[in-house]
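Read through the structure below, which is laid out as structure tokens, and then see the notes.
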Amino acid sequence: MRPDILNPLFAEISALKGVGTALARPLERLGLARAVDVAFHLPVAWIDRLIVDALDMRQAGRIVGTVLTPVDYKAGGGMRAPFRVHATDAAGNYVSLIYFGKNSGWPRKLLPLGERKFVSGRLELYGQDLQMVHPDHVLPVEEAASVPAREPVYRLSEGLSNNRMRDLVTQALERAPVLPEWIEPSLLAKRQWPGWHDALHMVHRQPDEALARERMAYDEIFAGQLALMLVRAAGRRRRGVPIAGDGRLRAMLKLPFAPTGAQRRATAEIDGDMAQGTPMLRLLQGDVGSGKTLVALMAMLNAVEAGRQAAMLAPTEILARQHFATLQKMLAGLPVTIAILTGREKGKVRESTLMGLADGSIDILVGTHAIFQEAVQYKALALAVIDEQHRFGVAQRMMLAAKAERAPHLLVMTATPIPRTLTLTHYGEMDVSRLDEMPPGRQPIETRVLSIDRVDEVIEALGRHVAGGGQAYWVCPLVEESEMSDQTAAEVRAETLRMRFGDAVALVHGRMKGPDKDAVMDGFARDVTKILVATTVIEVGVDVPNATLMIIEGADRFGLAQLHQLRGRVGRGDKASVCLLLRGNALSETARARLALMRETNDGFRIAEADLDLRGAGEVLGTRQSGDAEMKLATPEHLADMIDAARDDARLLIDRDGGLDSLRGQAARACLYLFERDAAVTLLRGG
Ligand code: ADP
Ligand code: MG
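Numbering follows UniProt numbering, in which position 12 of the sequence shown is assigned residue number 12; successive positions increment by one, without gaps.
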């Protein structure tokens, strides 16, 4: 349970004064649900206010505060004309205070004629006239001192003013307790960081408080690392099944190629882990096409040789079927039984698979998340492979680890080459193997960026490509966020292409029924279909080497990682491939930078680093919605700077005090709760 001392800070936001129904929506849009969210809603900029006796043209552009006397009103002429309050300053200079909106009662009440007021706002020069649009403060003169010269600026949303936000922050800060220190004293001294309570106040009250911000970012990173170390420690306390295959099944494999050095290294590392009595927790990182499937197969055969079972989880139905087909082909002639289980296997087929798993006659199971559900009982599950394509978070990994009495060895595969800091942030509890070497003979993919205005030329090029025996993907953009509209966009595109290419065109999208999807993918794999129009359902894993042209419509709407994944669908054989990125005409800076980078490089690691800079961690990992990746306070720079220290500190603490019982351990628990790593606390022995 959360320590009582934190309860006021974790109160619902409605507990703050002045939060009624009118603010509910704007606060929700900003993701502010509790007082603590407000306390962690840090300023994005600072206003340096000029407090003056008299206004001056040279102050234009600045936020200026001065005493004004309203002398006249001028109501707007037409519907949209603003309401103006003419006022004079102490020296008799004129300024117009401008209010938009229908209601002129409000400025009249705020600024009665002849009554001196302290007014602050951005001073603008309109021709020769001074004006202020919607002053940020209008107060009785004696309250002028309550307006700070330096004021934090917060991210806002419609219906929520900066003043109101400042007030909410003040209230939230009052709820923040003084907490015992959890940071290692020597680190705290070296970095000259303030204590947590001071830091929290400083970041909202003083600009240039880099140290206070840094400390808070550190707390967040530390909480994350500590949680992962607890997960790791809990995993290590569980008993696993030591697995040592005799190599007889591996020797029977008839591969059309030799494994790369990287594949051999990764396999050796996995064998080493699986031989231990504590369960493996290993991340296999390798760019699209680096050959992760073979490594997974080797690990699974290791389990089967030892008389145990292995299960492989794929993120989508399509990918599960593809893995199943690939593995089945590779296993041809081997005495290994493999089965598939997804939400679609029903009735008798499902029953018999469940029985086969329970009695041990099925050696390898491939499927979607269904394979780890309650009803599925394994006779001797020794290895779980998760082809996660960055969708399987820490929480899910913990759940899986808890599934069997003897925890299965866990191999997580990720196709997005993640920068090191993110690997530590999100997989810090795992050991890492990297496939940093591509299978030989790959042709680089040539990438071009074209305006959608040139779609006719693109269709011509597509025609030549198909006439030459090639196959192609045409990916349609995400329209808004509703799947229906994606589907419509793809359907419309498919129709246009059918007018020219007829039955050579097929369409696949996320809302299609499973068997229909399979039929379409199968037609494409068998080269009956030449052009596959798709939404992003083909993002992951699909492998058709003869498809060497990738057209991505609305490419500016996709993230870098996603574009890289999509592009990875081509360039899988020994033929040269081309990727055409069709962009809209109104490009943001970020979109422009992204497309330029895609044109420039095929290097997944470079793309991932850039994606992190351009878009933030959540989007690189594809977990923004789930909240798993979100850092509230720490920036990528903070991570790069401090993750090693946080990791060492967390490890040291757990080595000394695995139950977090010492004073510092107790303090660290509070830090875990502050950043909602509660789940990790439940892993503490007795805790
Ligand atoms: P990933 O899952 O890492 O994206 P895959 O396992 O699907 O990559 O492998 C991509 C392609 O490379 C497959 O067609 C596979 O058969 C092939 N491949 C894998 N390893 C090798 C190798 N050592 N040499 C040549 N081709 C390989
Ligand atoms: Mg794969």
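Where is the CB? At the ideal position from N, CA and C, for every residue including glycine. Just so we're clear, the structure is a prediction, and the values are computed from it rather than from any experiment.
Judged by beta-carbon spacing, R155 lies within the 8 Å limit of L30, meaning their Cβ atoms are closer than that value. Assignment of beta-bridge partners to L123 by DSSP yields M132. Around the beta carbon of L113, fewer than 16 other beta carbons sit within 10 angstroms, so the residue counts as exposed. Here the C-alpha atom of E214 lies approximately 18 Å from the C-alpha atom of V36.
For the ligand ADP, a non-hydrogen atom lies closer than 7 Å to the CB of K292. The DSSP-derived three-state label of V449 is strand. Where D167 is concerned, the enclosing alpha helix (DSSP H) starts and stops at N162 to E174.
Setting aside the 5 residues that flank it on each side, E151 is surrounded in the same chain by I47, each with a C-beta closer than 6 Å to its C-beta; the list follows chain order. A residue is called buried once 16 or more other Cβ atoms fall within 10 Å of its Cβ, and V241 is buried on that count. With contacts defined by Cβ atoms closer than 8 Å, V153 and P43 form a contacting pair. Per DSSP, I362 lies in no alpha helix (DSSP H) and is assigned neither H nor E. Nearest to K17 by C-alpha distance, out of A54, H426, D167 and M280, is D167.
Minimum Cα-Cα distance from E446 among the listed residues A234, G571 and M57 corresponds to G571. Taking all protein chains in view, the Cβ of G61 is surrounded by fewer than 16 other Cβ atoms within 10 Å, so the residue is classified as exposed.
Per DSSP, T414 is one residue of the beta strand (DSSP E) stretching across H409 to T414. In this model, Q471 and I318 are separated by some 19 Å (Cα to Cα). With a threshold of 7 Å, the Cβ atom of V288 counts as near the ligand ADP, since some heavy atom of the ligand is closer than that. Assigned with DSSP and collapsed to three states, E317 falls in helix. Burial check for P256: the Cβ neighbour count within 10 Å stays below 16, so the residue is exposed. Inclusion of A415 in the 7 Å shell around the ligand MG follows from its C-beta lying nearer than that to a non-hydrogen atom of the ligand. Look at T548 here: in three-state DSSP terms it is strand. In this structure the stretch 130-145 lies against the stretch 90-107, because at least three pairs of beta carbons, one per stretch, are closer than 8 Å. Taking 7 Å as the cut-off, the C-beta of D453 does not count as close to any heavy atom of the ligand MG.
With a threshold of 16 other beta carbon atoms within 10 Å, Y126 falls short and is exposed. Secondary structure note for Q565: its alpha helix (DSSP H) is the uninterrupted segment L560 to R567. Under DSSP, K117 shares a beta bridge with L68 and P140. If you draw a 10 Å sphere on the C-beta of M57, you find fewer than 16 other C-beta atoms in it, and that means exposed. Rounded to whole angstroms, K74 and A45 show a C-alpha spacing of 34 Å.
Within 7 Å of the C-beta of D527 there is not a single heavy atom belonging to the ligand ADP.
Counting C-beta pairs with one atom in each stretch, the stretch 352-365 and the stretch 513-529 have fewer than three that are closer than 8 Å, which means they do not touch. Ranked by Cα distance from R569, the options D456, L532 and L582 are led by L532. Nearest neighbour of M216 by Cα position, chosen from L450, M252 and H638, turns out to be H638.
Taking C-beta atoms as the reference points, E553 and L582 count as a pair closer than 8 Å. Not one heavy atom of the ligand ADP falls within 7 Å of the beta-carbon of Q192.
Burial is judged here by how many other beta carbons sit within 10 angstroms of a residue's own beta carbon; G333 has fewer than 16 and is exposed.
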